[in-house]
Every structure is written in structure tokens, then in C-alpha cells.
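Numbering (the UniProt record's numbering), first residue to last: 1 to 105.
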């Protein structure tokens with residue numbers, strides 16, 4: 001990756017604004033960022049699943065179990081994810097939209 005702080009506009013000796021990154025570097029950084037976010041989301045989803053299973057087995061304290069693994073909590077997570085995607089990437093979904101799947105008890 002390029003260090004943006006080192007890429008300075010040399011047209012003016014008084015100018016210290018960084019040069020814009022070439023499009024291929026922006027694409028590369030966007031792809032890397034999307035990959036990092038997807039990995040973090042896989043991690044968060046894995047923990048959400050574990051906590052939900054613990055809640056179902058009544059292994060969590062009540063103050064924790066109240067918000068973990070509910071349909072409402074999952075819906076809030078998806079809405080937050082969509083808002084984040086829209087703000088950062090200009091798209092509501094980058095392939096990570098997973099509808100809630102109920103588990104038969």
C-alpha cells in the first residue's frame with residue numbers, strides 16, 4: 001500500500017496537500033477494506049450464534065440473555081450493517097445480507 005502522507009504535491013513549495021490516489025489504488029484499498037469488514041462480520045456472526053445457543057440452553061445470566069439472539073436484535077444488526085455499507089460503499093448490501101433463520105426447538 002502507498003503511504004499517502006509521503007505523496008505530496010510538488011508544484012508549489014508551500015503546498016502540503018496529498019495527491020489523490022490513482023484509481024487502481026483506490027480500488028485495491030476498497031477491496032481490502034471490504035475483505036476486512038467481511039471477516040469481522042463473520043467473526044461477529046459466529047459469536048452471535050454461540051451466544052444465541054447459550055441463551056437457548058439458559059447458560060447466560062438474564063441481563064445478557066434478554067437481548068442476545070432475538071429476532072429484534074438480529075434485525076437491528078442487519079439494519080446497522082446496511083447503513084454502514086451505504087455510508088462507506090454507497091450500496092446497501094455487499095453480499096453479507098443473511099436473513100434470519102429460525103431454529104426449531
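Glycine residues also receive a C-beta, built at the ideal position from the N, C-alpha and C atoms.
Taking only the alpha-carbon atoms, compute the straight-line gap between residue i and residue j and give it to the nearest angstrom.
i, j, result
"residue 49", "residue 77", "13 Å"
"residue 59", "residue 75", "23 Å"
"residue 30", "residue 46", "24 Å"
"residue 28", "residue 34", "10 Å"
"residue 61", "residue 18", "52 Å"
"residue 39", "residue 32", "11 Å"
"residue 63", "residue 53", "16 Å"
"residue 82", "residue 70", "19 Å"
In chain order, what residues of the same chain have a beta carbon less than 8 Å from the beta carbon of residue i, not counting five sequence neighbours either side?
i, result
"residue 67", "73"
Hey, could you find the ends of the alpha helix (DSSP H) residue i is sitting in?
i, result
"residue 91", "Segment: none, residue 91 is in no alpha helix (DSSP H) and carries neither H nor E."
"residue 66", "Unbroken run through residue 66: none, as it is neither H nor E."
Ignore the nearest five residues each way along the sequence and tell me which others in residue i's own chain have a CB closer than 6 Å to its CB.
i, result
"residue 86", "92"
Could you tell me whether the Cβ atoms of residue i and residue j are closer together than 8 Å?
i, j, result
"residue 65", "residue 55", "yes"
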